[in-house]
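Quick notes on the structure that follows.
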Amino acid sequence: MTMAAAEIAAIVQRGRDAFDEDVVLRRAVERCLEIIGEASKALSGDFTDTYPEIPWSDMAKVRDRLSHHYHRIDPSQLWTMATKDIPAVAKLLREIEPGG
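In this note's numbering, the protein residues as written are 756 to 855.
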């Protein structure tokens with residue numbers, strides 16, 4: 756998950772204009788969000804219950820929306836997730852990593 760979050764961070768460093776103009780960048784963010792969501796689904800309930808401050812369920816729901824409602828993806832919402840939500844989640848994930 757932290758690797759996908761780091762990839763999103765690298766993409767947003769290119770700026771909003773590049774993101775809006777380049778469908779490949781948007782698709783890359785979508786894919787990274789799907790990876791984060793799928794990984795969160797694979798974790799045990801015991802593990803996720805230990806860290807309730809991390810929005811595991813929300814991450815899984817984002818993955819499902821991206822995978823099943825791809826025709827209704829709003830680039831502005833993607834940008835907000837990439838610039839606001841994911842950095843906050845990435846910080847929490849780094850804190851629980853071994854050695855974090």
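All C-beta atoms in this analysis are idealised placements derived from N, C-alpha and C, irrespective of residue type, glycine included.
Using 8 Å for Cβ pairs, my map puts residue 809 next to residue 787. What's the rounded Cβ distance?
Here residue 809 refers to the residue found at position 54 when the sequence shown is read from its first residue. Here residue 787 refers to the residue found at position 32 when the sequence shown is read from its first residue. With 8 Å as the limit, residue 809 and residue 787 do not qualify as a contact, their Cβ atoms being about 17 Å apart.
Distance, residue 830 Cα to residue 824 Cα
In the sequence shown, the residue the question calls residue 824 occupies position 69. In the sequence shown, the residue the question calls residue 830 occupies position 75. Whole-angstrom Cα-Cα distance: 13 Å.
Buried or exposed by the 16-neighbour rule on C-beta atoms within 10 Å, applied to residue 818:
Position 63 of the sequence shown, counted from the first residue, corresponds to residue 818. Buried, by the Cβ-count rule.
Does residue 806 come out as helix, strand or coil in the three-state DSSP assignment?
Within the sequence shown, residue 806 is the residue found at index 51, counting from 1. Three-state DSSP puts residue 806 in coil, outside helix and strand.
Selected residue, minimal CA-CA separation from residue 796, among 812, 781, 757, 835
As a working note, residue 796 is residue 41 in the sequence shown. Of the candidates 812, 781, 757, 835, the one whose C-alpha sits nearest the C-alpha of residue 796 is 812.
Within this structure, are the beta carbons of residue 833 and residue 781 separated by less than 8 Å?
As a position in the sequence shown, residue 833 is number 78, starting the count at 1. As a position in the sequence shown, residue 781 is number 26, starting the count at 1. Cβ atoms of residue 833 and residue 781: closer than 8 Å.
Residue ranges of each alpha helix (DSSP H) within the segment 761 to 785, 4 or longer:
771 to 776
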